[in-house]
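Step one of this worksheet: look at the structure below.
Number of protein chains: 2
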Amino acid sequence: MKTYIDCFPCFTRQVIDFCKLITSDSETHEKILREALIKLSKLDMNATPPHTATQMYRFIKEATGAVDPFEKLKFEFNKFALDHLPMLEKELEKSSDRLETAINISMAGNIIDMGVGNHVSEELVRKTLLETINHKLDTQTLAQFKSDIASAKKILYLGDNCGEIAFDKLLVQELPKEKLTFVVRGMPIINDATMVDARQVGMDKLVRVIDNGSDAPGTILEWCSDDFKKEFQKADVIIAKGQGNYETLSENDSNIYFILKAKCPVIANHLGVSVGTSIFKGV
Amino acid sequence: MKTYIDCFPCFTRQVIDFCKLITSDSETHEKILREALIKLSKLDMNATPPHTATQMYRFIKEATGAVDPFEKLKFEFNKFALDHLPMLEKELEKSSDRLETAINISMAGNIIDMGVGNHVSEELVRKTLLETINHKLDTQTLAQFKSDIASAKKILYLGDNCGEIAFDKLLVQELPKEKLTFVVRGMPIINDATMVDARQVGMDKLVRVIDNGSDAPGTILEWCSDDFKKEFQKADVIIAKGQGNYETLSENDSNIYFILKAKCPVIANHLGVSVGTSIFKGV
Chain Z
323 MKTYIDCFPC FTRQVIDFCK LITSDSETHE KILREALIKL SKLDMNATPP HTATQMYRFI
383 KEATGAVDPF EKLKFEFNKF ALDHLPMLEK ELEKSSDRLE TAINISMAGN IIDMGVGNHV
443 SEELVRKTLL ETINHKLDTQ TLAQFKSDIA SAKKILYLGD NCGEIAFDKL LVQELPKEKL
503 TFVVRGMPII NDATMVDARQ VGMDKLVRVI DNGSDAPGTI LEWCSDDFKK EFQKADVIIA
563 KGQGNYETLS ENDSNIYFIL KAKCPVIANH LGVSVGTSIF KGV
Chain C
323 MKTYIDCFPC FTRQVIDFCK LITSDSETHE KILREALIKL SKLDMNATPP HTATQMYRFI
383 KEATGAVDPF EKLKFEFNKF ALDHLPMLEK ELEKSSDRLE TAINISMAGN IIDMGVGNHV
443 SEELVRKTLL ETINHKLDTQ TLAQFKSDIA SAKKILYLGD NCGEIAFDKL LVQELPKEKL
503 TFVVRGMPII NDATMVDARQ VGMDKLVRVI DNGSDAPGTI LEWCSDDFKK EFQKADVIIA
563 KGQGNYETLS ENDSNIYFIL KAKCPVIANH LGVSVGTSIF KGV
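These protein sequences, in sequence, are chains Z and C.
Residue numbering for the first sequence follows the numbering used here, beginning at 323 and increasing consecutively.
Residue numbering for the second sequence follows the numbering used here, beginning at 323 and increasing consecutively.
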């Protein structure tokens, strides 16, 4: 997916949000924002939005020396989501289609996205779970997904955010774990899950976990490690969580199933749906 | 009121909204946006937000040759608001305090602001009227306002937007019309009311109407005509409608009563209220 002009107010807002998380010094905010606007004035519209976001976050980290301002928030949302797993497991037990319910729970978890400016709160996550858990998935897509999973030799599950990664465990448990590799980002970026988070939620106890070697909030293959790229090429089925993975892989011709909440108007428009829609979509 | 860094995503969004209203040509959108970002990277944070907004709108008009892309929308919202006057006059007849109700109606009209990105619709205006018409104004401010109006020799009423200007007629009718001058912008800017709109809604049949000689979406005195500045200095009471007049006059020491809906987070924060709050405030 390319960058649209409507992405620019969001890039500008993300720069400000990130600066505020790093320091309360308004002179630093202003200095960085002015430089960021010049960079944004030159950006390549053919690159995906996560390309630009990565460059903005890198620039701000370099300018301020910040390492991971989201660290505490990520830890807390992992803990919050873990605390909800026993209740969600009970919901799975009651379900007539455990896989469908597990996809819905994992999809609801995608609301925990601190890049989109929707002020993630525990209340919002609970509300989204309630709204999404009984969502009726497209029958044909679900049947195809089940068939693809059954015949696959290798399944790659591209994770997205912290907190969400705990909910992903319930979906992983419904899949053939011996064939599945879970993927996290290679370095901290926004509130995206890294190996640290996979360990905090115990994903590494369930399945093999690897990182993609990159600091992008999505899967930009040319920036990923060679090891990851090999895994990607060998996979028969790829499960891609979240907006960033959708934005960066929507034109890839692998057998990808996207699971996300369409939280921004540009992505919703690209998908032909309204903001807030639950997406479970094969390519 | 100075410019805050949180104004920048909104400036960026306004540039895009204005470009889209002028042309559907995406190359023009992109070219103008890139230039606007460079201008924004250099802006004076000590200037008020309407200073910057004016410079942005001027630049886009010059670059595209557009004169007044809001013309049709302004005409339609004036008509829509005029159509509601008989119903609103009945509400005034039922009211125990006609002045308070007229202030509330005029305040509700301030929702018709096409600069703040809240997608003004007729439905939103009706909803805002319902929510606002019985709003309880601060007793002390209202008493002081009544007393100031009674003793004033000259009252200046600074209008804001189209549509809203029709609702302002009901408040003007409750005031001593012989002492009152209604002010419109000197040139088209966003959906702010000019002399054309004052005539469309018949404000000129009720009271003396002048323009301020400026193209700012607010009252930037140094950009206003000498005639207007004299009127401003001579006025004993100034009624200032809307966010733009608040942003540009919040530090002026005249006897100003601000009437507005706080529609943006930066202004709401400056006023110490939440977004959506009805404001009737003396200096």
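Ideal Cβ positions, reconstructed from N, Cα and C, are used throughout, including at glycine.
Check your understanding: Residues of chain C with a CB under 8 Å from the CB of Z:Leu359: which are they?
Key -> To locate residue 359 of chain Z, count along the first sequence from 1; it is residue 37. Result: Phe330, Leu359, Ile360, Leu362, Ser363.
**Study point:** Between the CA atoms of C:Gly508 and C:Val531 - distance to the nearest angstrom
**Key:** The residue given as residue 531 of chain C occupies position 209 in the second sequence. The residue given as residue 508 of chain C occupies position 186 in the second sequence. The alpha-carbon atoms of C:Val531 and C:Gly508 are separated by roughly 11 Å.
Practice item. Establish whether the CB of C:Ile487 and some CB of chain Z are separated by less than 7 Å. Key: Looking up residue 487 of chain C in the second sequence gives position 165. It does not; no Cβ of chain Z falls within 7 Å.
Point to revise | Coarse secondary structure for C:Arg530, derived from DSSP in three states | key: Against the second sequence, residue 530 of chain C aligns to sequence position 208. Shown here, C:Arg530 sits in a strand according to DSSP, grouped into three states.
Check your understanding: Where does Z:Gly431 fall in DSSP's three states?
Key -> The count along the first sequence starts at 1 and reaches residue 431 of chain Z at position 109. Here Z:Gly431 carries a helix assignment [DSSP, helix/strand/coil].
Check your understanding: By DSSP, does C:Ser600 sit in helix, in strand, or in coil?
Key -> Counting from 1 along the second sequence, the entry for residue 600 of chain C is found at position 278. C:Ser600 falls in the strand class under three-state DSSP.
Check your understanding: Does the Cβ-Cβ distance between Z:Gly604 and Z:Thr463 come in under 7 Å?
Key -> Position 282 of the first sequence, counted from the start, is the residue given in the question as residue 604 of chain Z. Position 141 of the first sequence, counted from the start, is the residue given in the question as residue 463 of chain Z. Result yes, Cβ atoms of Z:Gly604 and Z:Thr463 sit closer than 7 Å.
Check your understanding: Using Cβ-Cβ distances below 8 Å, what residues of the segment 359-393 of chain Z are close to chain C?
Key -> Taking 8 Å as the Cβ-Cβ cut-off against chain C, the residues of the segment 359-393 of chain Z that qualify are Leu359, Ile360, Leu362, Ser363, Lys364, Met367.
Check your understanding: Looking at C-alpha atoms only, which residue of Z:Gln466, Z:Glu544, Z:Thr450 is the closest neighbour of Z:Ala369?
Key -> As a first step, residue 369 of chain Z is located in the first sequence; it is residue number 47 there, counting from the start. Cα-wise, what sits closest to Z:Ala369 is Z:Glu544.
Check your understanding: Quick one: what does DSSP say C:Asp390 is sitting in, helix, strand or coil?
Key -> For the purposes of this step, residue 390 of chain C is taken as residue 68 along the second sequence, with counting starting at 1. The answer is coil: DSSP assigns C:Asp390 none of H, G, I, E or B.
Review point. What residues in its chain sit with their C-beta under 6 Å from that of Z:Ile561, if we drop five residues either side in the sequence?
Key: As a working note, residue 561 of chain Z is residue 239 in the first sequence. Same-chain partners within the cutoff: Tyr479, Tyr579.
Check your understanding: Taking the Cβ atom as the reference point for each residue, do Z:Ile487 and Z:Val523 lie within a distance shorter than 7 Å?
Key -> Position 165 of the first sequence holds residue 487 of chain Z. Position 201 of the first sequence holds residue 523 of chain Z. Their beta carbons are under 7 Å apart, which means Z:Ile487 touches Z:Val523 by this criterion.
Review point. Who does C:Thr503 pair with in a DSSP beta bridge?
Key: Here residue 503 of chain C refers to the residue found at position 181 of the second sequence. C:Thr503 is bridged to C:Leu478, C:Arg530.
Review point. On the three-state DSSP scale, how would you describe Z:Leu571?
Key: What you label residue 571 of chain Z is simply residue 249 of the first sequence in a count that begins at 1. It is helical.
Exercise for review: Measure the Cβ-Cβ separation of Z:Gly481 and Z:Val442 and say whether it is below 7 Å.
Suggested key: Looking up residue 481 of chain Z in the first sequence gives position 159. Looking up residue 442 of chain Z in the first sequence gives position 120. No.
Review point. Does the distance from the CB of Z:Asn456 to the CB of Z:Cys484 come in under 7 Å?
Key: Counted from its first residue, the first sequence places residue 456 of chain Z at position 134. Counted from its first residue, the first sequence places residue 484 of chain Z at position 162. The answer is no: Cβ separation not under 7 Å.
Review point. Looking at the C-beta of Z:Ile344, does it have a partner C-beta in chain C at a distance below 7 Å?
Key: Within the first sequence, residue 344 of chain Z is the residue found at index 22, counting from 1. Not one chain C Cβ lies under 7 Å of Z:Ile344.
**Study point:** Counterpart residues of C:Leu582 in DSSP-defined beta bridges
**Key:** As a first step, residue 582 of chain C is located in the second sequence; it is residue number 260 there, counting from the start. In DSSP, C:Leu582 forms a bridge with C:Ile601.
**Study point:** CA-to-CA distance, Z:Phe489 to Z:Leu404, given in whole angstroms
**Key:** Counting from one through the first sequence, the residue named residue 404 of chain Z turns up at place 82. Counting from one through the first sequence, the residue named residue 489 of chain Z turns up at place 167. Separation of Z:Leu404 and Z:Phe489 (C-alpha to C-alpha, rounded to the nearest whole angstrom) is 8 Å.
Exercise for review: Between the Cα of Z:Lys499 and those of Z:Arg521, Z:Ala474, Z:Val518, spot the shortest distance and give me the residue it belongs to.
Suggested key: As a position in the first sequence, residue 499 of chain Z is number 177, starting the count at 1. For Z:Lys499, the nearest C-alpha among the options comes from Z:Ala474.
Exercise for review: Can you have a look at Z:Glu445 and say buried or exposed, based on whether 16 or more other CB atoms are within 10 angstroms of its CB?
Suggested key: The count along the first sequence starts at 1 and reaches residue 445 of chain Z at position 123. Using a 10 angstroms sphere on the CB of Z:Glu445, the tally of other CB atoms stays under 16, which defines it as exposed.
Review point. How about C:Glu422 and C:Leu459: are their beta carbons less than 7 Å apart?
Key: Residue numbering aside, residue 422 of chain C sits at position 100 when the second sequence is read from its first letter. Residue numbering aside, residue 459 of chain C sits at position 137 when the second sequence is read from its first letter. Result yes, Cβ atoms of C:Glu422 and C:Leu459 sit closer than 7 Å.
**Study point:** Other residues of its chain near C:Tyr568: CB distance less than 6 Å, five sequence neighbours each side excluded
**Key:** Looking up residue 568 of chain C in the second sequence gives position 246. If the five residues before and after C:Tyr568 are omitted, its C-beta is found closer than 6 Å to the C-beta atoms of Phe580, Leu582, all from its own chain and listed in chain order.
Check your understanding: Is Z:Ile560 helix, strand or coil by DSSP?
Key -> Within the first sequence, residue 560 of chain Z is the residue found at index 238, counting from 1. Z:Ile560: strand per DSSP, three-state reduction.
Check your understanding: From this set, Z:Ala590, Z:Cys332, Z:Asp328, which residue's C-alpha is nearest C:Asp328's C-alpha?
Key -> Locating residue 328 of chain C in the second sequence gives position 6, where the first residue counts as 1. Closest by alpha carbon: Z:Cys332.
Check your understanding: In chain Z, what lies closer than 8 Å to C:Ile589 by C-beta?
Key -> Within the second sequence, numbered from 1, the residue matching residue 589 of chain C stands at position 267. Chain Z residues near C:Ile589: none, gap ~17 Å exceeds 8 Å.
Exercise for review: Could you pull out every residue in the same chain whose Cβ sits closer than 8 Å to the Cβ of C:Phe330, ignoring the five residues on either side in sequence?
Suggested key: Counting from 1 along the second sequence, the entry for residue 330 of chain C is found at position 8. For C:Phe330, same chain residues with a beta-carbon under 8 Å away, outside a window of 5 residues either side, are Leu362 in chain order.
Exercise for review: Check whether the Cβ atoms of C:Leu365 and C:Val337 sit closer than 7 Å, and answer yes or no.
Suggested key: Along the second sequence, read from residue 1 onward, the residue named residue 365 of chain C stands at position 43. Along the second sequence, read from residue 1 onward, the residue named residue 337 of chain C stands at position 15. With contacts defined by Cβ atoms closer than 7 Å, C:Leu365 and C:Val337 do not form a contacting pair.
Practice item. Determine the direct distance from the alpha carbon of Z:Val494 to that of Z:Val529, and round the result to whole angstroms. Key: Looking up residue 529 of chain Z in the first sequence gives position 207. Looking up residue 494 of chain Z in the first sequence gives position 172. Rounded to the nearest angstrom, the gap between the Cα atoms of Z:Val529 and Z:Val494 is 8 Å.
Practice item. Taking only the alpha-carbon atoms, compute the straight-line gap between Z:Gly387 and Z:Thr541 and give it to the nearest angstrom. Key: The residue you call residue 387 of chain Z lines up with position 65 of the first sequence. The residue you call residue 541 of chain Z lines up with position 219 of the first sequence. Here the alpha carbon of Z:Gly387 sits roughly 25 Å from the alpha carbon of Z:Thr541.
Exercise for review: Closer than 6 Å by C-beta to C:Val438: which residues in its own chain qualify, once you throw out the five before and the five after it? Chain order, please.
Suggested key: The count along the second sequence starts at 1 and reaches residue 438 of chain C at position 116. These residues qualify, in order along the chain: Lys585, Cys586.
Exercise for review: Give the residues of chain C in contact with Z:Arg521, contact being defined as C-beta atoms less than 7 Å apart.
Suggested key: Counting from one through the first sequence, the residue named residue 521 of chain Z turns up at place 199. Neighbours of Z:Arg521 on chain C: none; closest Cβ ~36 Å, over 7 Å.
Point to revise | Close-in-space but distant-in-sequence residues of the same chain around Z:Phe340 (CB under 6 Å, 5 per side omitted) | key: Counted from its first residue, the first sequence places residue 340 of chain Z at position 18. Contacts found: Ile382.
Exercise for review: Taking only beta-carbon positions, decide if C:Leu355 is within less than 7 Å of chain Z.
Suggested key: What you label residue 355 of chain C is simply residue 33 of the second sequence in a count that begins at 1. For C:Leu355, the answer is yes, since a Cβ of chain Z falls inside 7 Å of its Cβ.
Exercise for review: Could you give the DSSP three-state label for C:Asn577: helix, strand or coil?
Suggested key: On the second sequence, residue 577 of chain C is found 255 positions in, with the first residue counted as 1. The answer is coil: DSSP assigns C:Asn577 none of H, G, I, E or B.
Practice item. Flag this pair as yes or no: are the beta carbons of Z:Ser600 and Z:Thr461 separated by less than 7 Å? Key: Here residue 600 of chain Z refers to the residue found at position 278 when the first sequence is read from its first residue. Here residue 461 of chain Z refers to the residue found at position 139 when the first sequence is read from its first residue. Contact: no.
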